[in-house]
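Residue numbers (this note's numbering), protein chains in the order written: chain P, 1 to 142; chain A, 1 to 142; chain H, 1 to 415; chain Y, 1 to 415. Structure record follows, encoded as structure tokens.
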Amino acid sequence: MGIGGSDMYRQQILDHYKNPRNYGELEDATFTHVGENPMCGDEITMDVVLDDEEEVIERVAFRGDGCAISQASASMLTQKLQGMTVEELAELDRDDVVDMLGVDISPMRIKCAVLAEKVAQDGADIYFGEKDLDKSSTEADE
Amino acid sequence: MGIGGSDMYRQQILDHYKNPRNYGELEDATFTHVGENPMCGDEITMDVVLDDEEEVIERVAFRGDGCAISQASASMLTQKLQGMTVEELAELDRDDVVDMLGVDISPMRIKCAVLAEKVAQDGADIYFGEKDLDKSSTEADE
Amino acid sequence: MGHSESTLLDVERIREDFPILQREFDGQRLVYLDNGATSQTPEPVVECIADYYRTTNANVHRGLHQLSQEASIAYEEAHDRVAEFVGASGGREEIVFTKNTTESENLVAYAWGLNELGPEDEVVLTEMEHHASLVTWQQIAKRTGATCKYIRIEDDGTLDMDHARECITDDTQMVSAVHVSNTLGTINPVSELADIAHDHGAYMFVDGAQSVPTRPVDVEAIDADFLAFSGHKMMGPTGIGVLYGKKHILAEMEPYLYGGEMIKKVTYEDATWNDLPWKFEAGTPPICQGIALAEACDYLDDIGMDRVRRHENDLAQYALEQLEATGDVETYGPPAGTERGGLVAFNLESVHAHDLSSILNDSAVAIRAGDHCTQPLHDKLGVAASARASFYVYNTREEVDKLVAAIDDARQLFA
Amino acid sequence: MGHSESTLLDVERIREDFPILQREFDGQRLVYLDNGATSQTPEPVVECIADYYRTTNANVHRGLHQLSQEASIAYEEAHDRVAEFVGASGGREEIVFTKNTTESENLVAYAWGLNELGPEDEVVLTEMEHHASLVTWQQIAKRTGATCKYIRIEDDGTLDMDHARECITDDTQMVSAVHVSNTLGTINPVSELADIAHDHGAYMFVDGAQSVPTRPVDVEAIDADFLAFSGHKMMGPTGIGVLYGKKHILAEMEPYLYGGEMIKKVTYEDATWNDLPWKFEAGTPPICQGIALAEACDYLDDIGMDRVRRHENDLAQYALEQLEATGDVETYGPPAGTERGGLVAFNLESVHAHDLSSILNDSAVAIRAGDHCTQPLHDKLGVAASARASFYVYNTREEVDKLVAAIDDARQLFA
Ligand SMILES: Cc1ncc(COP(=O)(O)O)c(C=O)c1O
Ligand SMILES: Cc1ncc(COP(=O)(O)O)c(C=O)c1O
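This is the structure:
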């Protein structure tokens with residue numbers, strides 16, 4: 001197989017793309033954040049509800065537009081994040097996203113894959129005051 | 001032989017370089033003009049005396065500094081110009097200069113070879129008002 | 001190579017000069033349809049490059065030794081060859097070698113625009129400009145206080161020439177238009193635009209990045225004041241671009257990059273400038289790339305640029321018909337039947353262009369997906385991205401069929 | 001290639017990689033001593049270039065197809081490789097590919113200088129600057145009202161460091177100095193200059209055109225803010241140069257060339273910029289040339305840059321001794337015994353440098369004659385031109401002997 005290609009488009013990814021989980025808005029979101037890949041036009045908004053101690057992620061929803069990789073990744077991430085701690089979210093990296101997707105992501109598509117993860121992390125960072133509030137929108141850069 | 005090289009340095013050229021003819025100044029010059037090859041540092045000043053009708057070149061002298069090709073070419077030109085008409089001077093071109101030198105001039109040295117001819121021509125043009133007087137000094141550009 | 005009198009291209013013979021076209025991925029032969037981004041390089045050009053380094057390599061202009069003389073003459077004559085290729089009768093003095101089309105645009109924007117534009121002035125562009133001219137003029141305008149205006153596009157992907165006549169006024173100093181759109185395939189009436197520009201005393205800059213490689217272009221017939229194009233899109237190497245400029249305009253322009261070769265005299269206090277075109281080629285130029293570009297011009301002229309043009313249009317029309325026949329593919333630009341550049345941008349209804357490109361890659365079909373450096377045009381078209389198949393002399397109708405079949409695979413996968 | 005543990009170069013083995021060195025003119029083997037102008041290109045680099053066009057050629061960054069991915073990865077990794085070569089721990093984000101050293105200087109002069117300099121500001125250069133930095137900063141200073149100052153040279157060709165400390169003041173915004181002089185061979189204390197510059201809040205720009213090819217250079221050890229060099233002087237192709245810049249400085253700098261690849265978002269009204277280093281690489285970059293430059297770095301590292309340095313100095317010392325022994329040759333720069341770059345500029349009393357070079361060419365000895373793009377320095381030395389022999393790893397003492405013998409021929413001819 002080549003570096004890229006439809007190996008990426010396994011049933012699970014297509015399923016999440018066509019039937020995104022947790023798609024929509026959470027009115028009681030603790031924080032909301034939006035991000036995009038300017039070059040691709042992918043865009044994702046994530047709503048996250050934390051528990052009262054603000055330590056554990058209770059519910060997540062997303063909405064957005066873009067390629068199958070970015071949208072499926074967001075959909076799968078909403079499931080994965082449920083029940084995770086904020087600390088665990090902060091530690092997620094590119095490898096975790098690729099593991100979650102369960103396919104090889106070609107180097108040129110990795111930005112699409114990690115967008116949702118970045119949006120969730122930046123949203124949390126901004127909420128907890130660790131990031132410049134100016135940075136009102138996230139750009140995937142790896 | 002290569003394109004360039006000591007084929008250029010035949011006895012005649014070396015002789016004119018070492019013993020330049022008509023080297024010096026003409027106090028009664030009808031016109032005087034100076035020119036240079038900025039890249040090479042060659043510099044030549046030519047004094048020309050015309051006859052009373054201002055048609056025929058009576059005497060020529062030059063002075064200057066530079067490589068053997070530029071200086072020998074100037075020396076030989078002072079001889080060649082003697083007795084020529086101003087019109088004939090205007091018609092001289094690069095081929096005439098190469099003929100006069102009697103050797104193949106490498107393309108990268110042609111500027112050195114034609115400098116003196118350009119100086120004489122521009123000097124005449126300026127004197128007869130055919131060239132911008134601003135152009136007070138000549139640059140070989142071929 | 002030598003081509004017969006026939007007006008058709010001998011594609012099989014041409015393909016032999018491009019070893020890269022024999023590459024296989026997973027047993028499938030490469031179908032290279034990304035020529036609008038960069039063209040492949042024929043053996044004579046590759047050999048010219050290797051020969052240069054093996055036999056002639058030296059710095060130019062000033063060396064008096066044999067190698068430098070050979071390299072200098074070849075490099076200088078490459079300017080003449082390129083001048084001839086685009087009909088510039090002024091020869092080398094009208095041809096500046098840059099690194100790409102983008103730098104050619106920036107050269108004029110910096111050397112002319114930054115010095116000449118002011119708050120009263122206007123630069124007129126088209127809505128289909130590539131970022132190379134759009135961003136450049138937009139930013140130089142911002143710095144000088146000048147205004148950018150954009151000539152509207154009609155629904156069929158052609159320029160609204162009435163709007164062009166409205167936009168271009170006596171305040172207009174520069175009109176910059178893409179000759180062949182790299183997204184729509186539209187062939188713009190640049191000669192007519194040049195007339196309008198000149199009527200108002202403005203300069204005409206033609207972005208020839210997609211036209212010079214694919215059709216006969218004659219700067220003097222167009223009456224363009226400037227023309228920019230890239231070597232890598234016309235079978236030449238990367239790292240070389242061209243700026244054609246009318247001699248009297250280039251002569252009056254301030255220099256752009258400063259350094260060696262572009263000067264005449266330098267003191268610690270000031271400097272004077274070299275003759276054309278060297279005044280605009282500071283430092284050691286792309287010597288090998290310039291020489292190889294001249295070789296690419298030979299290769300293309302040997303095929304015949306009119307043959308190239310017809311082949312381009314033929315494949316584009318065929319692709320357009322095949323794609324439109326599917327029913328769920330939207331194509332952009334002039335409709336089938338109107339001559340266009342050899343490219344078609346499109347979107348498959350159910351599949352994002354990036355996914356489509358990734359899936360096509362599985363069938364070894366190489367297309368481009370994205371905004372093709374025309375983001376504002378894509379915004380106007382209402383899409384974030386599109387897929388684009390772009391053809392060159394070595395492409396065939398069979399390859400278009402493979403493209404269409406691979407699109408069908410994607411359609412099935414996402415169904 | 002692989003070199004033994006010995007500290008000496010295996011010159012014969014190296015020469016096998018350079019077919020051009022086998023060229024003969026009139027039955028005489030080429031003696032190429034013009035490496036300061038451009039170096040020759042070893043087979044691994046030539047093959048890397050040809051391979052690129054035969055197997056990988058595609059546009060970079062955005063293509064999702066296989067070829068584009070291969071080309072993109074190779075091109076991006078070339079930045080990392082070059083970063084490693086000069087000790088830039090920030091990797092690709094600190095390495096911008098330009099077309100040559102000259103453009104690297106202009107990039108900073110335009111993107112930083114034009115925006116940041118004003119009438120109160122000073123740029124400090126040295127009297128031995130190459131036109132690439134001298135003319136660039138002089139002209140950008142003229143446009144911004146800033147002042148240029150020149151650090152004096154001592155009689156032995158070294159910088160007067162007391163004068164450096166006088167010149168560099170709190171008004172100084174930029175110090176730009178050549179690392180190894182291409183005329184004098186002097187190795188300047190750029191790290192000391194950087195310290196002085198930084199004490200006054202100024203940036204330090206190092207012109208590494210002659211140092212990076214010939215010795216180990218570590219930007220972080222020098223603490224240079226910028227470093228510029230050219231591929232064609234270090235066994236790489238023409239058409240590629242490098243600008244190293246500290247990441248935080250590059251990040252804050254305005255862009256330079258506008259166009260595709262360097263943007264993030266574009267509308268008809270405005271644009272935002274891409275991440276480092278792409279923000280400074282507008283349009284299709286010199287893809288093949290960047291990849292080949294990385295190959296050249298491999299080739300040089302395989303020899304070992306410290307070995308290169310010693311070989312350079314050894315030949316320069318030997319040439320200096322031989323030339324001075326003749327009695328009628330004036331050499332410039334530090335005297336024999338002081339380490340220098342691998343070059344010697346000189347004049348034979350009775351023969352103009354241009355004539356000398358033409359005559360040497362008859363013995364197939366290739367040297368440069370002229371002002372070597374240091375006109376003001378030549379004025380200071382009181383000569384219009386000089387001859388220059390410059391060495392690289394494939395040169396030998398025997399070749400220096402041939403140079404000296406050929407000079408004797410000229411001496412006889414003009415006697
Ligand atoms: C010291 C120095 N700086 C700058 C340059 C300019 O390099 P390039 O011509 O590759 O831009 C050179 C080479 O001529 C040089 O020797
Ligand atoms: C119409 C048009 N203009 C300009 C460019 C820019 O060319 P380059 O990237 O070679 O500078 C391109 C190619 O991408 C193009 O298609």
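Where a beta carbon is used, it is the ideal one built from N, C-alpha and C, also for glycine. Note that the structure is predicted; figures quoted are calculated from it, not measured.
| query | result |
| --- | --- |
| The beta strand (DSSP E) that contains Phe85 of chain Y, what's its start and end? | Segment Gln66 to Phe85 is the alpha helix (DSSP H) holding Phe85 of chain Y; no beta strand (DSSP E) there. |
| Which residues mark the beginning and the end of the beta strand (DSSP E) in which Trp273 of chain H is found? | Ala271 to Trp273 |
| Which residues of the segment 100–117 of chain A have a Cβ closer than 8 angstroms to any Cβ of chain H? Give them in chain order. | Ser106, Pro107, Met108 and Arg109 |
| Taking the C-alpha atoms as reference points, what is the distance between His3 of chain H and Asp302 of chain H? | Low confidence applies here, because His3 of chain H scores a pLDDT of 47, under 50, leaving its location unreliable and the question unanswered by this model. |
| Is it right to say Phe128 of chain P is buried, meaning 16 or more other beta carbons lie within 10 angstroms of its own, or is it exposed? | exposed |
| Just to check my reading of the structure: Ala418 of chain H and Ala387 of chain H have Cβ atoms closer than 8 angstroms, yes? What is that Cβ distance to the nearest angstrom? | Shown here, chain H extends from 1 to 415; a query on residue 418 of chain H therefore has no answer. |
| Tell whether a beta-carbon distance below 8 angstroms holds between Met46 of chain A and Ser106 of chain A. | no |
| In terms of alpha-carbon separation, which member of A:Gly66, A:Glu55, A:Asp51 and A:Val86 lies closest to Pro20 of chain A? | A:Gly66 |
| Helix, strand or coil for Cys373 of chain Y? Go by DSSP, reduced to three states. | coil |
| Taking Cβ to Cβ, would you say Thr144 of chain H is nearer than 8 angstroms to Leu117 of chain H? | yes |
| Taking one C-beta from the segment 92–111 of chain Y and one from the segment 314–331 of chain Y each time, how about it: are there three or more such pairs within less than 8 angstroms? | no |
| Who does Cys148 of chain Y pair with in a DSSP beta bridge? | Y:Val123 |
| Looking at the unbroken alpha helix (DSSP H) that takes in Thr102 of chain Y, where does it start and where does it end? | Thr101 to Val108 |
| In three-state terms, what does DSSP make of Glu12 of chain H? | helix |
| Just to make sure I have the definition right: I need the residues of chain Y whose C-beta is within less than 9 angstroms of the C-beta of Met8 of chain P. Which are they? | Going along chain Y, no residue has its Cβ under 9 angstroms from Met8 of chain P, so there is no contact; the nearest lies around 10 angstroms. |
| If we define contact as Cβ-Cβ less than 8 angstroms, is Ile95 of chain Y a contact residue for chain P? | no |
| With DSSP run on the structure shown, which of helix, strand or coil describes Lys247 of chain Y? | helix |
| Since Lys264 of chain Y is in the beta strand (DSSP E), which residue starts that stretch and which ends it? | Ile263 to Val266 |
| Can you give me the C-alpha to C-alpha distance between Gly36 of chain H and Val404 of chain Y, rounded to a whole angstrom? | 54 angstroms |
| DSSP on His33 of chain A, reduced to helix/strand/coil? | strand |
| Starting from Ile73 of chain Y, find everything on chain P with Cβ-Cβ shorter than 7 angstroms and list it in chain order. | Pro107 |
| So, with DSSP's three-state summary, where would you put Gly4 of chain P? | Caution is warranted here: a pLDDT of 43 is assigned to Gly4 of chain P, below 50, making its placement in the model unreliable, and the coordinate value is therefore given only provisionally. Reduced to three states, the DSSP call for Gly4 of chain P is coil. |
| Which residue spans inside the segment 155–195 of chain Y form an unbroken alpha helix (DSSP H) run of at least 4? | 161–167 |
| Do you know how far the Cα of Thr136 of chain H is from the Cα of Cys298 of chain H? | According to the sequence displayed, residue 298 of chain H carries Asp and not Cys. Each residue's alpha carbon lies about 32 angstroms from the other. |
| Cβ of Tyr268 of chain H less than 8 angstroms from any chain Y Cβ? | yes |
| Spatial neighbours of Arg23 of chain Y within its chain, please: C-beta separation below 7 angstroms, excluding the five flanking residues on both sides. | Leu30 |
| With distances taken Cα to Cα, identify the nearest neighbour of Val329 of chain Y among Y:Ile407, Y:Cys48 and Y:Asn106. | Y:Ile407 |
| Measure from the alpha carbon of Asp51 of chain H to the alpha carbon of each residue in H:Gly63, H:Leu67, H:His61 and H:Gln40, then state which is nearest. | H:Leu67 |
| So, are the CB atoms of Lys279 of chain Y and Pro38 of chain P less than 8 angstroms apart? | no |
| Is the beta carbon of Val178 of chain H sitting closer than 8 angstroms to the one on His248 of chain H? | no |
| May I have all residues whose beta carbon comes closer than 5 angstroms to any heavy atom of ligand 1, sorted in chain order? | H:Gly283, H:Thr284, Y:Asn100, Y:Thr101, Y:Thr102, Y:His130, Y:Ala132, Y:Val178, Y:Asn182, Y:Asp207, Y:Ala209, Y:Gln210 and Y:Ser230 |
| In the segment 11–33 of chain A, which residues sit with their C-beta less than 9 angstroms from some C-beta in chain Y, listed in chain order? | Leu14, Tyr17 and Lys18 |
| Which residues of chain H have a Cβ atom closer than 7 angstroms to the Cβ of Ala68 of chain P, listed in chain order? | His352 and Asp355 |
| Spatial neighbours of Pro335 of chain Y within its chain, please: C-beta separation below 7 angstroms, excluding the five flanking residues on both sides. | Asp156 |
| Taking the alpha-carbon positions, what's the Phe62 of chain A to Ile126 of chain A distance? | 18 angstroms |
| Do you know offhand how far Asn188 of chain H's Cα is from Glu154 of chain H's? | 12 angstroms |
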